[in-house]
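The block underneath contains the structure these notes are about, expressed in structure tokens.
Chains as they are written, first to last, in the numbering used here: chain A, 1 to 233; chain B, 234 to 690; chain C, 691 to 888.
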């Protein structure tokens, strides 16, 4: 009775750990805090008209960037988006007001626009997927939250199925290889050979998942409680 | 022992259906008993399970189901493990997945971890709560699904076709769980025609006949011709030529840097019947994908028809039937489905109609030509998918587990068909399966994959 | 109004997933601005045709917006949901007002163009909140949404043929609103013989 083997101790630890809500860097409460910060920064970007205000907001974004540290892929993607928006808006302003006036107005407006979407972009890029899902399920109706989380969880299976259908159809002669799809005339082929079977498969999948959920009494009571573990929704 | 559930003259017909799927069922299950229900495909076993749980749609019902479960008059206290494990795991972590039922019953979060650990122990799954469900083996997934039911403390647990999901070791494991549950007073109902080692725990046998009536005793299974050695037909009489498939020193990497295939070499001459066999995850499907050009090996050479395989070039020469081939069906009629590849090859209308009809006759499904594939049975859809591949008279036919899910009669029909086209059209066939024992006499060459290596015999 | 069955909700969820997955895949290959509207409009149409309930397309759009948030797809910001929900709302309202919408190519084209044009609204509202000059606002919105409207229109072209195929496969309800075959609610008539492992 006095000897507790390590396996039992491990199990006890897991039970205790799962019962607490850990406030790690990306704990549930922390995620909400960062979400509100991103929302506030985006919100103020709409009202910031002066260079001083825009500079302060840019500082806020830089802090957000430094804390979350999104990777190179994000930076490359945002750089392309920013260049496109700045180029387009500045061009339109210059055409409207002439180069002298248009350039400054265009740059200021582009700056404002970028500050409006950047905080949100940093947030969704850097916060782990399961925590965003957790956050959403905290506010959504339980059924919708379940639907969202489940469908996202089944993406790998759906993609594997799509790949299998795609390869089989290609060998049957369907013109849906990447080079074939450069011709818009073959888009109907893709819809018929790939999308239709995938829709049929997903209806069957939806039926099976619904049955599996109801087999464990999903929807039997109004509302649901939540597993207290850190990962997963 | 106390009664857990009772059916009295229970009958059910699905909405819009012309016949009852369950007819005048009288059944009583007591605590601590293990019942086994058999029946041929489509006899209504799963429908009966859904009826017990109260999950059938609103159809025509007669008779009474009386439940004496802790949940009262509702369907609580009854668990079902369904056929397909992949669609029953709804969460990403072991803990959350097991706790799903508790969430639905509004159990307090603080109470969940203890119950979850207890259920995982009962199911014999020693994994942490944060363990990823996606990384579990099939047997572990099955135990996880069991834990997900056991955590809710069912008085009656229904398990649908466990032998289809588990190998002998897995079934032995399940037998131990069933024995423990019986001792604890849980009632069990197994929907299974071939219980194997589970027979040791079964107290009563039932089976459903084709009219939906429940009879005592197990289902008498007709001898499957697929299990006996098929007659050895004349081997290909083609003179030796360049091989259809040449594999030399091929290596393919898999997940986490482990090799799926390592330095593998083999050749397949024209007209040969090859069976590719190995356990789940051994790389059979990977090999077929390499042969079709959709996957490139990391090392070595692979040639199909003397050249590096490219999907675009192999169209019209190679036919491929992946697992669950009926998922490829998309046309509105069987005729159009089978005609699809010929239309892509720009056949003229008269010739196209003649070839489609010929192929449908070959497959024995000519009467299905005007029907929608959706209305067909599972076996018929399988044959339609096969016909749509055979219509182009491929020189090489690749099949991935073509008999999975088929009843013995359809499986035998398919095997005879494959033999016929091999002999009449000299089609080279590569067939991947995890159940090679039925095909050892049929194959000219058997390639067994073990630990990334191939043994040819 | 009767609650949507779980199976239908999940199917709409998968339609939302397809919107996101196809957007991501074809962005990598095609690199044409605005092409994402093709998949958005198409799958919202299919969602509404398959689940004959008023908020089906809007619900699908909402799930797609939330899914985009979770997966980090697309530019983020307050208009992320609007990008997917507005076309859904247009399709839902038109399906309510036009019986037989999904069987008429002309109507599908008109509605698809309207749904695609919501991109104009997204951009215009965003620019208005920023305080952009009015004329520049209009030009910017037109420029951003021009190709999106075109792709939305093209999507409308494919709805009717795909609708017919899905109907013949029992995915889309018959005229009475009930699935064409009761087989769609029966367990599949097969024994499952999958790969086995301990």
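Backbone N, C-alpha and C define an ideal beta-carbon position, used for all residues, glycine too.
Looking at the DSSP output, residue 665 of chain B sits in a beta bridge with B:509 and B:633. When the Cα atoms are used, residue 414 of chain B and residue 422 of chain B turn out to be separated by approximately 12 Å. Per DSSP, the beta-bridge partners of residue 682 of chain B are B:687.
Following the DSSP letters along the chain, one finds residue 798 of chain C inside the alpha helix (DSSP H) bounded by residues 795-806. Using beta-carbon distances, residue 852 of chain C counts as an interface residue toward chain A, with a partner under 7 Å.
Exclusion of the five residues before and after residue 500 of chain B leaves 476, 478, 479 and 480 as the residues of its chain whose Cβ lies within less than 8 Å of its Cβ.
In the three-state reduction of the DSSP assignment, residue 406 of chain B falls in the helix class, which pools H, G and I. Taking 8 Å as the upper bound for CB-CB distance, residue 849 of chain C and residue 732 of chain C are in contact here, some 7 Å apart. Inclusion of residue 316 of chain B and residue 393 of chain B in the CB contact set at 7 Å is warranted, their separation being smaller than that value.
In this structure, residue 57 of chain A lies near residue 48 of chain A, with their beta-carbon atoms less than 7 Å apart. Within 10 angstroms of the beta-carbon of residue 45 of chain A lie 16 or more other beta-carbons, which makes it buried.
If you look at residue 844 of chain C, you'll find it isn't in any beta strand (DSSP E); it sits in the alpha helix (DSSP H) that goes 824-858.
Interface annotation, residue 704 of chain C: in contact with chain A, CB-CB separation under 7 Å. Runs of the beta strand (DSSP E) spanning 3 or more residues and lying entirely within the stretch 274-318 of chain B occur at 293-300 and 311-314, in chain order. In chain order, 740 place their CB closer than 7 Å to the CB of residue 861 of chain C, counting only its own chain and leaving out the 5 sequence neighbours on each side. Residue-level contact by beta carbon holds for residue 565 of chain B and chain C, with a gap shorter than 7 Å. An exposed status is given to residue 62 of chain A, since fewer than 16 other beta-carbon atoms sit within 10 Å of its beta-carbon.
When 8 Å is used as the limit between beta carbons, residue 855 of chain C is near these residues of chain B: 563, 564 and 565, in chain order. Here the alpha carbon of residue 857 of chain C sits roughly 12 Å from the alpha carbon of residue 608 of chain B. Here the C-alpha atom of residue 642 of chain B lies approximately 34 Å from the C-alpha atom of residue 377 of chain B. A direct Cα-to-Cα measurement between residue 127 of chain A and residue 70 of chain A gives close to 9 Å. At a C-beta separation below 8 Å, residue 72 of chain A has no neighbours in chain B, since its nearest C-beta there lies roughly 23 Å away. A direct Cα-to-Cα measurement between residue 526 of chain B and residue 167 of chain A gives close to 10 Å.
The C-alpha of residue 426 of chain B is placed about 8 Å away from the C-alpha of residue 451 of chain B. By the criterion of at least three beta-carbon pairs nearer than 8 Å, the stretch 548-562 of chain B is in contact with the stretch 148-168 of chain A. The straight-line gap separating the alpha-carbon atoms of residue 581 of chain B and residue 171 of chain A is approximately 20 Å. In its chain, beyond the 5 residues on either side, 241, 242, 243 and 244 have a beta carbon closer than 6 Å to the beta carbon of residue 296 of chain B. Within chain C, no residue has its CB atom less than 9 Å from the CB of residue 440 of chain B, the nearest being about 14 Å off. It is roughly 41 Å from the alpha-carbon of residue 373 of chain B to the alpha-carbon of residue 778 of chain C. Residue pairing by DSSP places residue 483 of chain B opposite B:497 in a beta bridge. A Cβ-Cβ separation of about 4 Å places residue 801 of chain C in contact with residue 784 of chain C under the 8 Å criterion. With 16 or more neighbouring CB atoms inside 10 Å of its own CB, residue 552 of chain B falls in the buried class. In the three-state reduction of the DSSP assignment, residue 251 of chain B falls in the coil class. The alpha-carbon of residue 790 of chain C is positioned some 33 Å away from that of residue 833 of chain C.
For residue 209 of chain A, the nearest CB of chain B lies under 7 Å from its own CB, placing it at the interface with that chain. C:701 is the residue among C:855, C:701 and C:745 whose C-alpha sits nearest the C-alpha of residue 207 of chain A.
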